[in-house]
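Colleague:
Protein chains in written order, with this note's numbering: chain V, 922 to 1186; chain Z, 366 to 658; chain F, 7 to 323.
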């Protein structure tokens, strides 16, 4: 029996009169690659923002490793082992790639003000450790050799890799990827798929938001479909394809391209 | 006593309104805190004085001259200190504005010294009208209120009925959309600065006349208090600014009469209000809800 | 001759006040440059340090050393409290808020009885060490040591994980929170530390001049400091040293040589005009300051990196 890592029950988020997420329940098992799909504005990113504490849900509970985390401050959630990337890449563009990844280790380090000012050995050691870990992760995501580049000067695809590295360096239990392949070509997309499988093998559970439905179907163990803030399905990929509610949601959008992608699968 | 203070507060309130309306409009259009606005108020007062001394203008014409000069300087500040920085970090425009304020204020000090000058003879006597036995108003204060009402009326008509006024409102709502619809954003911004500066100049001239004094740093405190009015009124709302200005004017005159021996100056009250509002209700008293200002 | 010039109290004073401004600049640069929290009320922290030390040593009759130490602690705590609005208010409004707080605090200095009201506080004692009063040259040497310690501490802090936390907060608050940074703590911390630097500067100023009044802690000082730090380059220690030194010494230089084409009575105004003009021009042409990010050095290294990037790309492919 595999453990449930994350259990969400009936969470909602309203902005004024607009209901962005409505009564969504989900359970993600340890070691899964879990996909979230659905049209733009379906509430997927809002959902991520609730998981990471940026938004406080209006109702419902989020249980991460037997601990209720809804409404907990983002930095505390990060320290519990939930880490994320952003849909609209949010790197420190004027800093080096290495520095950007080192930022991700913050929650794992402890040097205080006085040991920093006095330059104690423990502070130096910790800094070295952070650097080493960051280099390792950069190698894992395929960016070895680019450590000293300014993050803003990298290609779009590589910037997404830096974001993944930054989220991964703290060895999170749960990694949330918000459209990790947006703007990438087919080769790059497949590489990211390989990377995500590698991440899962190293023991990190992954939830990802994607628009590339075909790619998600091949990658994920289970998929949840969002539409207008509600979860309309949550199942294994083969069953998702056959689910009439999902097909309707997509055809209802009159997005023929997406439908074709469905057909192709 | 109370009625008298209400009248005094009303007059001061209209000064604040005239100064703050420009700031509100600039914030509405550019989301920019225009730090050099107080300097414009001072420039207005000095322009009127120079117009009367050197061109022997009658007071009403000197007032118009001051408004015109300030309008041009306001547009110039926007053109040279703000426009090149548009789209950058809000801090850069803020620092640039602080720089302009420091530059102009000290420039005027070099020319006119930092001493207080008296306003030239206008031929209009300062007379006191007794409304009741204990309540009176001077004609100068009356002019301030009248100027405020006329200024606001014209502004309202301009924003409501002219093409440019509607364009300003459009840009305030959504600059990108307005520019896609063919609105010339740069012109709208220029006109906004022009109008706001002219109104601030009118306030400066009338205050100089009322207190018979003008000095190069006269604009710094009103310019800063105007931020308080703008925040109080809910950032970018002209109606809110009117109410905010009146509230500040009344609170200040009331505190004068009832709270003597305070540990802070009367001038500091505005900033206490400003900080309290920003911390408790950052959207101001009349603003739409904003997440964080 | 040289020795005589060296001990000329006038030159010594100039350097002493320069060091006090450098301490102020370092503190402001931590708050505004490293952590991105704009402060237009830095003179208030300066004043709180000066008044605290003055009141403790004059009215409570404490030893000046103890008074200075306590003043730094007091400013640290008050600055932390005054930093709280940064948690709620966006950058440009934070500037207005800090400016307002600065004016309120200055107004308090002028009106409260504990600060001596409009008369200020006089007869602030000179600290002594081993029975020797620290005056002129000895005070300067003491201040130099304080400054070096101050610079060293800023360097250490900003190159540690604490500095990294500030940098991320400056660049992107949401990212900072998502990476496990307690932004509340680090914002308050930077105000407390930056304020403590200003508090130290204030206390050392009070014991140097022996008389203080509210006039020394107004908006002009805050604006001057901000322009010095901005022109030097936000987030750069060398920038602060350069900006403060040049802008502070330039007018003194003119004063020293009594150029006939400048009316000395207007020197302060010319000085402020130049500061104002420089602020506008810097924002337009070099918003990161002389030594700020993307300065000459960065641009040069960036070009080198470009070449390497090609190689890096191959590596991945």
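Where is the CB? At the ideal position from N, CA and C, for every residue including glycine.
Just to confirm before moving on: does the CB-CB distance between residue 1230 of chain V and residue 1099 of chain V stay below 7 angstroms?
Modeller: What is shown of chain V runs 922 to 1186, which leaves residue 1230 of chain V out entirely.
Colleague: Taking the straight line between their C-alpha atoms, what separation do you get for residue 662 of chain Z and residue 1121 of chain V?
Modeller: Outside the displayed range of chain Z (366 to 658) lies residue 662 of chain Z, so it cannot be described from this structure.
Colleague: Would you kindly check if the distance between the Cβ of residue 566 of chain Z and the Cβ of residue 417 of chain Z is under 7 angstroms?
Modeller: Indexing the second chain from 1 puts residue 417 of chain Z at position 52. Indexing the second chain from 1 puts residue 566 of chain Z at position 201. Going by C-beta atoms, residue 417 of chain Z is not nearer than 7 angstroms to residue 566 of chain Z.
Colleague: Let me check understanding here. Comparing Cα to Cα, which of F/20, F/263, F/206 lies closest to residue 327 of chain F?
Modeller: Because chain F here runs from 7 to 323, residue 327 of chain F falls outside it and cannot be looked at.
Colleague: Who does residue 1127 of chain V pair with in a DSSP beta bridge?
Modeller: Counting from one through the first chain, the residue named residue 1127 of chain V turns up at place 206. Paired residue(s): V/954, V/1096.
Colleague: When you compare the CB positions of residue 284 of chain F and residue 243 of chain F, do they come within less than 7 angstroms of one another, or not?
Modeller: Numbered from its first residue, the third chain carries residue 284 of chain F at position 278. Numbered from its first residue, the third chain carries residue 243 of chain F at position 237. Not a contact, by the Cβ cut-off of 7 angstroms.
Colleague: Going by C-alpha distance, which of V/926, V/930, V/979, V/1056 is nearest residue 938 of chain V?
Modeller: On the first chain, position 17 is the one that residue 938 of chain V refers to. For the residues V/926, V/930, V/979, V/1056, the minimum Cα distance to residue 938 of chain V belongs to V/979.
Colleague: Is it right to say residue 412 of chain Z is buried, meaning 16 or more other beta carbons lie within 10 angstroms of its own, or is it exposed?
Modeller: Within the second chain, the letter at position 47 stands for residue 412 of chain Z. Buried: at least 16 other Cβ atoms inside 10 Å.
Colleague: I need the boundaries of the beta strand (DSSP E) containing residue 994 of chain V, first residue and last residue.
Modeller: As a working note, residue 994 of chain V is residue 73 in the first chain. Unbroken run through residue 994 of chain V: none, as it is neither H nor E.
Colleague: Pull up the distance between the alpha-carbon of residue 25 of chain F and that of residue 65 of chain F, whole angstroms please.
Modeller: Residue 25 of chain F sits at position 19 when you count from the first residue of the third chain. Residue 65 of chain F sits at position 59 when you count from the first residue of the third chain. Looking at the two C-alpha atoms, the distance is approximately 27 angstroms.
Colleague: Would DSSP call residue 612 of chain Z helix, strand or coil?
Modeller: By one-based count along the second chain, residue 612 of chain Z stands at place 247. Helix.
Colleague: Would you decide whether residue 87 of chain F is buried or exposed? Buried here means 16 or more other CB atoms lie within 10 Å of its CB.
Modeller: Within the third chain, residue 87 of chain F is the residue found at index 81, counting from 1. Counting Cβ neighbours within 10 Å, residue 87 of chain F comes out exposed, since fewer than 16 surround it.
Colleague: Since I believe residue 614 of chain Z is in contact with residue 381 of chain Z (beta carbons under 8 angstroms), could you give me their beta-carbon distance rounded to a whole number of angstroms?
Modeller: As a position in the second chain, residue 381 of chain Z is number 16, starting the count at 1. As a position in the second chain, residue 614 of chain Z is number 249, starting the count at 1. Indeed, because the Cβ distance is near 6 angstroms, the residues count as touching under 8 angstroms.
Colleague: Going along chain Z, which residues have a C-beta under 9 angstroms from residue 103 of chain F?
Modeller: Taking the first residue of the third chain as position 1, residue 103 of chain F is located at position 97. Simply 636, 639, 640, 643, 644.
Colleague: Closer than 9 angstroms by beta-carbon distance: list the chain F residues that pair up with residue 869 of chain V, in chain order.
Modeller: Outside the displayed span of chain V (922 to 1186) sits residue 869 of chain V, for which this structure offers no information.
Colleague: Do you know how far the Cα of residue 1025 of chain V is from the Cα of residue 36 of chain F?
Modeller: Counting from 1 along the third chain, the entry for residue 36 of chain F is found at position 30. Counting from 1 along the first chain, the entry for residue 1025 of chain V is found at position 104. Cα to Cα, residue 36 of chain F sits roughly 22 angstroms from residue 1025 of chain V.
Colleague: So for residue 494 of chain Z, helix, strand or coil by DSSP?
Modeller: Within the second chain, the letter at position 129 stands for residue 494 of chain Z. Looking at residue 494 of chain Z - three-state DSSP - the assignment turns out to be strand.
Colleague: Tell me which residue opens and which closes the beta strand (DSSP E) that residue 328 of chain F is part of.
Modeller: With chain F covering only 7 through 323, there is no way to say anything about residue 328 of chain F.
Colleague: Excluding five sequence neighbours on each side, which residues of the same chain lie with their C-beta closer than 7 angstroms to the C-beta of residue 297 of chain F?
Modeller: Indexing the third chain from 1 puts residue 297 of chain F at position 291. Contacts found: 238, 239, 242, 244, 245, 248.
Colleague: Can you say whether residue 276 of chain F is buried or exposed, counting buried as having 16 or more other CB atoms within 10 angstroms of its CB?
Modeller: The residue you call residue 276 of chain F lines up with position 270 of the third chain. With 16 or more Cβ atoms within 10 Å of its Cβ, residue 276 of chain F is classed as buried.
Colleague: Could you say which of Z/597, Z/629, Z/384 lies nearest to residue 568 of chain Z if we only look at CA atoms?
Modeller: Taking the second chain and counting its residues from 1, the one referred to as residue 568 of chain Z is at position 203. Taking only the C-alpha atoms, the option nearest residue 568 of chain Z is Z/384.
Colleague: Take every Cβ of the region 1083-1090 of chain V, pair it with every Cβ of the region 1009-1029 of chain V, and state whether three or more of those distances are shorter than 8 angstroms.
Modeller: Output reads yes: the region 1009-1029 of chain V touches the region 1083-1090 of chain V.
Colleague: Using three-state DSSP, classify residue 621 of chain Z as helix, strand or coil.
Modeller: Your numbering for residue 621 of chain Z matches position 256 in the second chain. Three-state result, residue 621 of chain Z: helix.
Colleague: Could you spell out the range, first to last residue, of the alpha helix (DSSP H) harbouring residue 446 of chain Z?
Modeller: Counting from one through the second chain, the residue named residue 446 of chain Z turns up at place 81. Note, residue 446 of chain Z: premise wrong, no alpha helix (DSSP H); not H, not E.
Colleague: Going by beta-carbon coordinates alone, are residue 929 of chain V and residue 983 of chain V separated by less than 7 angstroms?
Modeller: Numbered from its first residue, the first chain carries residue 929 of chain V at position 8. Numbered from its first residue, the first chain carries residue 983 of chain V at position 62. It is a contact, given that the beta carbons lie within the stated cut-off.
Colleague: How would you label residue 505 of chain Z, buried or exposed, when you count the other beta carbons within 10 angstroms and need 16 or more for buried?
Modeller: Position 140 of the second chain holds residue 505 of chain Z. By the 10 Å Cβ count, residue 505 of chain Z comes out buried.
Colleague: Under 8 angstroms, CB to CB, which of the residues in the region 450-462 of chain Z have a partner in chain F?
Modeller: Correct list: 450, 453, 454, 455, 456, 457, 458, 459, 460, 461.
Colleague: Would you give the residue range spanned by the alpha helix (DSSP H) that residue 1034 of chain V belongs to?
Modeller: Translated into positions along the first chain, residue 1034 of chain V becomes position 113. Note, residue 1034 of chain V: alpha helix (DSSP H), 1034-1039.
Colleague: Looking only at its own chain, which residues have a Cβ that is under 7 angstroms from the Cβ of residue 287 of chain F, when we skip the five neighbours before and after it?
Modeller: Translated into positions along the third chain, residue 287 of chain F becomes position 281. For residue 287 of chain F, where only same-chain residues beyond five positions count, there are no Cβ hits under 7 angstroms.
Colleague: What are the partner residues of residue 138 of chain F, as DSSP defines its beta bridges?
Modeller: The residue given as residue 138 of chain F occupies position 132 in the third chain. DSSP lists F/135 as partners of residue 138 of chain F.
Colleague: Give the single residue among F/71, F/60, F/146, F/201 whose Cα lies nearest to the Cα of residue 126 of chain F.
Modeller: To locate residue 126 of chain F, count along the third chain from 1; it is residue 120. Closest by alpha carbon: F/60.
Colleague: Please determine, among V/1068, V/1171, V/1054, the residue with the shortest C-alpha to C-alpha distance to residue 1092 of chain V.
Modeller: Taking the first chain and counting its residues from 1, one reaches residue 1092 of chain V at position 171. Of the listed residues, the one whose Cα sits closest to residue 1092 of chain V is V/1054.
Colleague: Measure from the alpha carbon of residue 949 of chain V to the alpha carbon of each residue in V/1119, V/1128, V/935, V/1169, then state which is nearest.
Modeller: One-based indexing of the first chain puts residue 949 of chain V at position 28. Out of V/1119, V/1128, V/935, V/1169, V/1128 has the C-alpha closest to the C-alpha of residue 949 of chain V.
Colleague: If residue 969 of chain V sits next to residue 942 of chain V, beta carbons under 8 angstroms apart, how far is it from one beta carbon to the other, in whole angstroms?
Modeller: Position 48 of the first chain, counted from the first residue, corresponds to residue 969 of chain V. Position 21 of the first chain, counted from the first residue, corresponds to residue 942 of chain V. The Cβ separation is near 10 angstroms, so there is no contact.
Colleague: Select from Z/398, Z/486, Z/491, Z/440 the residue whose C-alpha is nearest the C-alpha of residue 454 of chain Z.
Modeller: On the second chain, position 89 is the one that residue 454 of chain Z refers to. Residue Z/398 is the option with its Cα nearest to residue 454 of chain Z.
Colleague: Assuming residue 1121 of chain V is part of the alpha helix (DSSP H), what are its boundary residues?
Modeller: Within the first chain, the letter at position 200 stands for residue 1121 of chain V. Element bounds for residue 1121 of chain V: 1107-1122.
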